[in-house]
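Read the structure below first, then the notes.
4 protein chains.
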Amino acid sequence: METMTALVKSHDGEGADIKKIAVPRPRSGEVLLKVHRSSICGSDLPIYYWSSWAPRRIKPPLVFGHEICGEVVEKGAGVTIAVGSRVAVESHIYCGYCATCAAGDRHLCRRMVLVGIDTDGGFADYVTIPERVLWKLDSRIPYDYASLMEPLGNAIYTVCVEPVQEKTVLVMGCGPQGLYAVQAAKAAGAALIVAVEKSAFRAKLAKGLGAHHVIGDHNETFQDIQDKLLSFNQTQEGFDVCLEMSGASALISTAFRVLRNGGRLSLFGLTAGKTGIDIGEDIIFKGIHIYGILGRRLFETWEMMEKYLLEDKISLPKVVTHEFPLTQAQEAFALFSAPEKACGKIVFKVNS
Amino acid sequence: METMTALVKSHDGEGADIKKIAVPRPRSGEVLLKVHRSSICGSDLPIYYWSSWAPRRIKPPLVFGHEICGEVVEKGAGVTIAVGSRVAVESHIYCGYCATCAAGDRHLCRRMVLVGIDTDGGFADYVTIPERVLWKLDSRIPYDYASLMEPLGNAIYTVCVEPVQEKTVLVMGCGPQGLYAVQAAKAAGAALIVAVEKSAFRAKLAKGLGAHHVIGDHNETFQDIQDKLLSFNQTQEGFDVCLEMSGASALISTAFRVLRNGGRLSLFGLTAGKTGIDIGEDIIFKGIHIYGILGRRLFETWEMMEKYLLEDKISLPKVVTHEFPLTQAQEAFALFSAPEKACGKIVFKVNS
Amino acid sequence: METMTALVKSHDGEGADIKKIAVPRPRSGEVLLKVHRSSICGSDLPIYYWSSWAPRRIKPPLVFGHEICGEVVEKGAGVTIAVGSRVAVESHIYCGYCATCAAGDRHLCRRMVLVGIDTDGGFADYVTIPERVLWKLDSRIPYDYASLMEPLGNAIYTVCVEPVQEKTVLVMGCGPQGLYAVQAAKAAGAALIVAVEKSAFRAKLAKGLGAHHVIGDHNETFQDIQDKLLSFNQTQEGFDVCLEMSGASALISTAFRVLRNGGRLSLFGLTAGKTGIDIGEDIIFKGIHIYGILGRRLFETWEMMEKYLLEDKISLPKVVTHEFPLTQAQEAFALFSAPEKACGKIVFKVNS
Amino acid sequence: METMTALVKSHDGEGADIKKIAVPRPRSGEVLLKVHRSSICGSDLPIYYWSSWAPRRIKPPLVFGHEICGEVVEKGAGVTIAVGSRVAVESHIYCGYCATCAAGDRHLCRRMVLVGIDTDGGFADYVTIPERVLWKLDSRIPYDYASLMEPLGNAIYTVCVEPVQEKTVLVMGCGPQGLYAVQAAKAAGAALIVAVEKSAFRAKLAKGLGAHHVIGDHNETFQDIQDKLLSFNQTQEGFDVCLEMSGASALISTAFRVLRNGGRLSLFGLTAGKTGIDIGEDIIFKGIHIYGILGRRLFETWEMMEKYLLEDKISLPKVVTHEFPLTQAQEAFALFSAPEKACGKIVFKVNS
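As you go down the protein sequences, you meet chains A, B, C and D in turn.
For the record, in the first sequence the residue sitting at position 137 is 137 according to our numbering, with numbers rising by one throughout.
One rule links them: number in our numbering = place in the second sequence (from 1) + 1000.
One rule links them: number in our numbering = place in the third sequence (from 1) + 2000.
One rule links them: number in our numbering = place in the fourth sequence (from 1) + 3000.
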């Protein structure tokens, strides 16, 4: 356990390097995890390609990767979980003592530390994680896909920040998060699920996961999309809920057009630059309410997620289309960022 | 009762005319009100000056005015309220049968008819109103100011769409609605109330009504305002709640800067054109939630309002600075729209 | 249309009489309904048998029956619904103006008038009903069973007063209301549904409608029932939710034993006399919360119900086991009140 | 720091002994507190007098006392709070990992350990406490009364489990918890606060703390109390909220009589034996909802409490009527349990 293989953002600029580095030691309150799987999140792309927010925040050298499952192999002082426990990792390390944490919103902690961004992460054989952000896996959860609970949690929170039961739900964008959102909306009892997605590959996945309609291929304009959305039988009055998973400003404008009076918009996808919003027409006259979604509730969302998984209402593997060893990281990132979007979730098989 | 005096929007273009017209007759389900007071709302300005949305929606000739109190003097078929009852008017005539009404959101009715916009309103000696939007006045409510319950209801709903108890509250803009919002935030138990207002006249009113601090006079830039807002002792982490009553896009941007993680923004003021919003920085990373506020809840807000008024936690008169007979409408509108904003609420004394 | 057939509670004491009486005339705000179906509710039994609360409240002669569907054949003044419309009846005639109504709790109106109890009801060819308590039937709702929407609404409200998604739900008693509650819990996404029911006939119905387990036949003691309930795999910590539909005091005690910490109890079944509750052990130490359920929310519950029905998540007919003409009322009441409980819901085919 | 003075429940039967015992050592995750004040809770009486539930649960020898404030003087492994910090103690040691904790209800943890009941408590110079249940005191909170935050938290949670703003509130019983409940109801914006209390001493305290009326002295029967409660001007329809702090079954029956339709009952006081409740008349027909209140929310209630205290909306000292050194414990318990109830809260000055 002296050295390990890790994908290291070792310098400014594009790319990351497979290196042999020292295995970290768990401090008080932490465990050492032997990583089993870690998966690529959209927010890993700016780190890899050194774009967007990454140069402002990331301090190389850094092991990145924050969607992680693994086995507890060593314990720091004061840790109670047993060595040998299999766990998934909540990547948001909250302080537990600030006013936001005290008020129950630990996912919005004012002193948040993010795994794989502010501390070394899971694209490595081993990682140290505070015990308080471990989720112990039920033996019936598929261990090979448990790194995907973290992003699935995002999707569930986006869907369920208010009930969607018997509601008409519009999912903007069917990347991995959108695909999990489709599943979560179905599991949570939505009456109608319509998705908007350009990639034929992902549109097909969305259909298989429960979307009643998927529209928006390359031949359709935003006006076409809007017209189609308003034509669905149950939505003549507009959709009850829109889940924005795409980060496309134009789709946000479409969302406001097709939401019903009193409808809800959950914003998850990060847009580039500013989005122009007509406060009166888009929000006030329709009595719209909007939630910015960050992370997952700790640990209400995890508990709900476990139930959905145990009852087979949501499948972790069905969104996964590719698996690689860590050493093929370059290929994996190239595939995930290619314009044709011919993939779902991509998972690294670590330590195997 | 054959003819009456009314302020009529009788043709396209600026202005309105005092005319003698026939007293209307109540149809089934309606009452005839003898108007006691009607007050000017910001949304009456586009009608008077024939600007903004008004030319698209208003069909002259129309009696406008929708903040109304008066006495029931005649009843249509099926009406149960007694002749002689004193009432305030809820200006949003909901259908009661659409899906939005059935779901309890009558203030967002899909077939809404607005008094003084879609039907003849209260700038007249008499007006017909459906019984279902009458609020019977408790004898202890001051009848001379009861037309102001409608706009006060807006402010209360803006404040109380979520609890503000022990919260730090920022009120953007101290026009009549902002002034009522200051009072409502105080009545509802806010821990700190800070207002932003350019007009010295209105800033002074806001202070008198309970704002702990009022900032933003003509010498202060938006950056100054932002710096000051973050300097208050209890707001170093940001405000819990921001009530946007100004319709100024720049203040909306400021709001996002000074809200705390997990904070709430209520949007009431109508902005001109589009407002640029950085979805990620402004909304998602802070877990902000936003409500578009239209009208008032029927009649939960009215019931809460009555309690505040009966306990003297909110004063209707203190926001009123001028009263005119209907025949001085021209002077009243000039005062209300003057750039120096040296007025609060303006009320017409009708039938007197 | 001069006279009609009606089941009239014409005098004190047991029984009711089929009579020819005058067809009523709709007053202002009312419609005349030609009744299509009306069904027997448990609360019709005390009227028929002149037991329990009935002698204190009922003033003969009275046409009873409050689960009604029919067609609008005549309109009083001010009514807007079209002649020919098919409707179900909300049996709770709220005033719309008292403080409870104003606060949005119209189902708890302080001046409530009950159809078939305080006014003539639906066990007759025709009945007059205020327009404001009509629910217009979607053409896809089965008209022959639409009188059952009223009791189904009770069950949905009992289930959904708080979300049951992914919760473990215990249904005490599988009379018609319990059977609808089983369906509603399933439709609303409960993870596990366990029912307690003595009658083998009803236990079989409950199984067919979605209960995972039905226990409590004649050979089982209350201790047996309690032991079994705690033995189910997912409920070792206790049930999340208990729906009390039986009115059996002993089952309420059992409910407190098997609810988890923080669990919820909905009380719908009326018990005879007082029930002894250990406030500390039963409620406080477990942090239990309890709802008394009366009627349905107007009209949020109806709107949710329509969605469940249109998506076939709940079946109205499957709980119906017998249909009779009004003239066989005696047989119908005998069957419904027989100790072996070998029936589900019983419906009168009126005007046919 | 080798030995310390402690009040020890050293054997079965009535009483407790002042002893010199070893100062405990903090384990991993724990701190050693030098106790500043600890106060007597009603639940300390069964331990002292060896009555009720105590013989079943308490295993002598035990240092009891769970309302504690003090200073951190030593840290176990993994503790982050600084030595020298002044803290109040949340007496409910939750596990943080069970399903109830994961779901956000840590105050109802399935593996709860109670300070001073399941582990040695604060009637001693020193006590060890896990860091995760410490509340760091703002410097403006009066340190001499900070042990009272734990019971004040009970009262605030009892009051605020649902909003009481502009509601009419009935407080049953004005022992220390009832007195704090009166203050909390006032701070939280109740429109009317009526208390029921036999002891003239406590009735006077309640009046001074904000109760508009206190009734129920020795000359009044339960019928008198009920009649009076219904005679208050604003409560002719019944009280919106009843807070049951007395543990008197007869007052619970009264509560059901005087609650309005849709009203709320919070149960905090522990009754002896079973209370007979008419499920139909008391709960269902009025649509009452009931909460069993245990502890306080961790740490939402603490955060709200801090705000109330910093704004002087609630006073910790005003409920305190007596202070003793630990060595006068016998006198203190005698006073607290005397039938004339001529005391409010009693505090031990420890280490002084």
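We treat Cβ as the ideally placed atom computed from N, Cα and C, and that holds for glycine.
Can a CB atom of chain D be found closer than 7 Å to the CB of residue i?
| i | result |
| --- | --- |
| residue 1124 (chain B) | no |
| residue 315 (chain A) | no |
| residue 1024 (chain B) | no |
Taking CB distances under 7 Å as the criterion, tell me whether residue i reaches chain C.
| i | result |
| --- | --- |
| residue 3144 (chain D) | no |
| residue 3327 (chain D) | no |
| residue 1028 (chain B) | yes |
| residue 3274 (chain D) | yes |
| residue 60 (chain A) | no |
Whose C-alpha, out of the options, is nearest the C-alpha of residue i?
| i | options | result |
| --- | --- | --- |
| residue 1167 (chain B) | A:99, A:18 and A:303 | A:99 |
| residue 95 (chain A) | A:53, A:207, A:109 and A:238 | A:109 |
| residue 3014 (chain D) | D:3036, D:3045 and D:3005 | D:3045 |
| residue 3087 (chain D) | D:3102, D:3080, D:3071 and D:3162 | D:3071 |
| residue 2353 (chain C) | C:2312, C:2022, C:2174 and C:2119 | Since the first residue shown for chain C is 2001 and the last is 2352, residue 2353 (chain C) is missing from the structure and cannot be characterised. |
| residue 3062 (chain D) | D:3008, D:3102, D:3026 and D:3111 | D:3008 |
| residue 3162 (chain D) | D:3142, D:3138, D:3190 and D:3152 | D:3190 |
| residue 2254 (chain C) | C:2230, C:2237, C:2026 and C:2038 | C:2230 |
| residue 23 (chain A) | A:123, A:93, A:112 and A:294 | A:123 |
I'd like to know whether the C-beta of residue i is nearer than 7 Å to at least one C-beta of chain A.
| i | result |
| --- | --- |
| residue 3300 (chain D) | yes |
| residue 2191 (chain C) | yes |
| residue 2307 (chain C) | yes |
| residue 3078 (chain D) | yes |
Below 8 Å on the Cβ atoms is my guess for residue i versus residue j; work out the distance and round it to an integer in Å.
| i | j | result |
| --- | --- | --- |
| residue 1259 (chain B) | residue 283 (chain A) | Going by Cβ atoms, the distance from residue 1259 (chain B) to residue 283 (chain A) rounds to 16 Å, so no, they are not a contact pair. |
| residue 1114 (chain B) | residue 1147 (chain B) | Contact flag wrong, Cβ pair sits at about 16 Å. |
| residue 1012 (chain B) | residue 1050 (chain B) | 6 Å |
| residue 2083 (chain C) | residue 2179 (chain C) | Going by Cβ atoms, the distance from residue 2083 (chain C) to residue 2179 (chain C) rounds to 35 Å, so no, they are not a contact pair. |
| residue 66 (chain A) | residue 129 (chain A) | So it is not a contact: roughly 10 Å between Cβ atoms. |
| residue 984 (chain B) | residue 2078 (chain C) | Only positions 1001 to 1352 of chain B appear in the structure, and residue 984 (chain B) is not among them; the question remains open. |
Rounded to a whole number of angstroms, what is the C-alpha to C-alpha distance between residue i and residue j?
| i | j | result |
| --- | --- | --- |
| residue 2310 (chain C) | residue 1131 (chain B) | 34 Å |
| residue 385 (chain A) | residue 334 (chain A) | Shown here, chain A extends from 1 to 352; a query on residue 385 (chain A) therefore has no answer. |
| residue 205 (chain A) | residue 2305 (chain C) | 32 Å |
| residue 2199 (chain C) | residue 2041 (chain C) | 18 Å |
| residue 2250 (chain C) | residue 2222 (chain C) | 7 Å |
| residue 3019 (chain D) | residue 3140 (chain D) | 34 Å |
| residue 328 (chain A) | residue 275 (chain A) | 37 Å |
| residue 1048 (chain B) | residue 1172 (chain B) | 25 Å |
| residue 1034 (chain B) | residue 1105 (chain B) | 29 Å |
| residue 52 (chain A) | residue 3316 (chain D) | 52 Å |
| residue 176 (chain A) | residue 347 (chain A) | 12 Å |
| residue 226 (chain A) | residue 2144 (chain C) | 39 Å |
| residue 1214 (chain B) | residue 1351 (chain B) | 38 Å |
| residue 2080 (chain C) | residue 2192 (chain C) | 44 Å |
Counting only beta-carbon atoms, is residue i nearer than 7 Å to chain B?
| i | result |
| --- | --- |
| residue 3181 (chain D) | no |
| residue 287 (chain A) | yes |
| residue 3166 (chain D) | yes |
Exercise. How do the segment 177–192 of chain A and the segment 241–250 of chain A stand: do at least 3 beta-carbon pairs fall below 8 Å, yes or no?
Worked result: yes
Exercise. For the 8 Å Cβ check, are there 3 or more pairs between the segment 1146–1160 of chain B and the segment 1290–1305 of chain B?
Worked result: yes
Exercise. Does the segment 2249–2263 of chain C come within contact of the segment 2280–2294 of chain C, defined as at least 3 CB pairs closer than 8 Å?
Worked result: yes
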